[in-house]
Amino acid sequence: MAQSRGCIGCAAVFLAGFFGLMFLMVIAYIRAPARPGDSSLSSRTKLDAYAMAQTFVDKRLISPSSAEYPSMRDPTVKVQKVEGQWYIAGYVDSDNALGASIRTRYNVVMQQLPGNQWKLIDIEIE
């Protein structure tokens with residue numbers, strides 16, 4: 148009987164080790180940097196481009212601290228990369244000089260440089 152309990156204990160240790168190893172592999176996979184061509188890289192880069200466009204727009208607003216941008220999932224927001232340049236179109240709600248909140252549409256064209264630097268090519272704020 149004692150030998151039977153030892154096998155159950157061995158099985159429990161084996162299963163605990165197996166599931167622990169699987170857990171660590173899943174965590175390593177989730178935290179691994181995306182590879183070129185990977186869809187998660189595209190999503191992250193799109194989010195970076197959208198955030199940088201907001202930074203460029205903020206610099207031209209009267210009251211950037213009041214700026215409210217929609218989610219990138221908003222159907223009116225467009226973020227796309229064409230021939231190495233990013234095209235971002237959207238809107239921002241911010242205060243004008245009189246303190247009234249107004250909606251302003253914008254179009255930004257920019258290029259991503261090495262080291263997560265961005266170069267503004269063109270900006271239109273309506």
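Letter by letter, the sequence shown follows residues 148 to 273 of the numbering used here. Idealized CB from N, CA, C, for every residue including glycine. Computed from a predicted structure; not experimentally measured.
On the CB-based measure, 16 or more other CB atoms within 10 Å of its CB, does residue i come out buried or exposed?
i	result
residue 237	buried
residue 189	exposed
residue 196	buried
Would you identify the three-state DSSP class for residue i, choosing helix, strand or coil?
i	result
residue 230	coil
residue 200	helix
residue 224	coil
residue 236	strand
residue 181	Model confidence at residue 181 stands at a pLDDT of 46, short of 50, so the residue's coordinates are unreliable and nothing is read from them.
residue 208	coil
residue 248	strand
residue 241	strand
Give a yes or no on whether 7 angstroms exceeds the smallest Cβ distance from residue i to chain B.
i	result
residue 201	Among the chains in the structure shown there is no chain B, since it carries only a single protein chain.
Quick one: what's got a C-beta closer than 7 angstroms to residue i's C-beta in the same chain, skipping five residues either side?
i	result
residue 199	257, 265
residue 268	232, 256, 257, 258
By Cβ distance below 8 angstroms, which residues in the same chain neighbour residue i in space, the five residues on each side in sequence not counted?
i	result
residue 248	213, 240, 241, 242
residue 260	266
residue 273	251, 252, 253
residue 184	Interpretation of residue 184 is limited by its pLDDT of 46, a score under 50 that renders its predicted location unreliable; no figure is taken from the coordinates.
residue 209	241, 242, 243, 244
residue 217	223, 224, 237, 238
Leaving out five residues on either side along the sequence, give the residues of the same chain with a beta carbon under 6 angstroms from the beta carbon of residue i.
i	result
residue 255	200, 203, 235, 270
residue 223	none
residue 219	197
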